[in-house]
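Below is one structure; the comments refer to it alone.
Numbering (the working numbering), first residue to last: -9 to 184.
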């Protein structure tokens, strides 16, 4: 089953064609097994794509914007494709660790994919895809981020509960990414001359 919690303002957004293209190319999960669910979330960020991508692509430093991560240790690799990280989760969540593998990192197309391959949590067979693109309305200072995932539904849970849990974490991470990116973008802007 698919769960796509797009904000209503996105439907009339001038980015809708580019958004649909990105969704179809990287975020369509039509081949789901019955015990899996998927969702896609969208975040507009008032910051240049290059700045936002510089944060997202740091597989070895996800805590740069992901608030639920206390720290990260690289288990294998140097942050490139095939690298494995172990993240320690902040207290209060129903987990302590997550082991994750970087499956794709494309600096030209701004695509990152990773899979959760271990840990003490309920996100079994979790696969995440994040894509970034510039506003196609001519604004080079705005980035659209789409993050989707596919995950197994635990036997003692429902699709709705599983997606709600994962959506909450992803949405918080995307809002944090927006806040940090926009703050960084404001710092590098030169004030207009008087």
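Backbone N, C-alpha and C fix where the C-beta goes; we use that ideal spot for every residue, glycine too.
Subject >> Own chain residues within Cβ distance below 7 Å of residue 142, not counting five before or after >> reply: 25, 26, 114, 115
Subject >> Any chain C beta carbon closer than 8 Å to residue 64 >> reply: No chain C is present in this structure, which holds just one protein chain.
Original post:
Is residue 89 near residue 65, with beta carbons less than 8 Å apart?
Top reply: yes
Original post:
Can you name, in chain order, every residue of its own chain whose Cβ lies under 6 Å from the Cβ of residue 163, other than the five neighbours on each side?
Top reply: 56
Original post:
Of all the options 33, 67, 86, which has the alpha carbon lying nearest to the alpha carbon of residue 137?
Top reply: 33
**OP:** Return the chain-ordered list of same chain residues with a C-beta closer than 8 Å to the C-beta of residue 35, the five sequence neighbours on each side being excluded.
**Re:** 42, 132, 133, 134, 135, 167, 168, 171, 172
Subject >> Spatially closest choice to residue 82 from 93, 95, 59, 99, by CA coordinates >> reply: 59
Original post:
Hey, quick one: how far does the beta strand (DSSP E) through residue 90 stretch, first residue to last?
Top reply: 87 to 96
**OP:** Sort 152, 140, 38, 23 by Cα distance to residue 178 and report the nearest one.
**Re:** 38
**OP:** Inspect the beta-carbon positions of residue 49 and residue 92 and report whether they are closer than 8 Å.
**Re:** yes
Original post:
So who's on the other strand from residue 124, going by DSSP bridges?
Top reply: 133
**OP:** Report, in whole angstroms, the separation of the C-beta atoms of residue 101 and residue 16, which I expect to be a contact under 8 Å.
**Re:** 6 Å
Original post:
Along the chain, where does the alpha helix (DSSP H) that runs through residue 156 open and close?
Top reply: 149 to 178
**OP:** Give the secondary structure of residue 31 by DSSP, where H, G and I count as helix, E and B as strand, and everything else as coil.
**Re:** strand
Subject >> Limits of the unbroken alpha helix (DSSP H) element including residue 44 >> reply: 39 to 46
**OP:** Measure from the alpha carbon of residue 69 to the alpha carbon of each residue in 103, 87, 80, then state which is nearest.
**Re:** 103
Original post:
What's the C-alpha gap between residue 29 and residue 154?
Top reply: 9 Å
**OP:** Could you tell me if residue 122 is buried or exposed, where buried requires 16 or more neighbouring beta carbons within 10 angstroms of its beta carbon?
**Re:** buried
Subject >> Coarse secondary structure for residue 18, derived from DSSP in three states >> reply: coil
Subject >> Endpoints, the beta strand (DSSP E) within which residue 56 is located >> reply: It is not in any beta strand (DSSP E) - residue 56 carries neither H nor E in the DSSP assignment.
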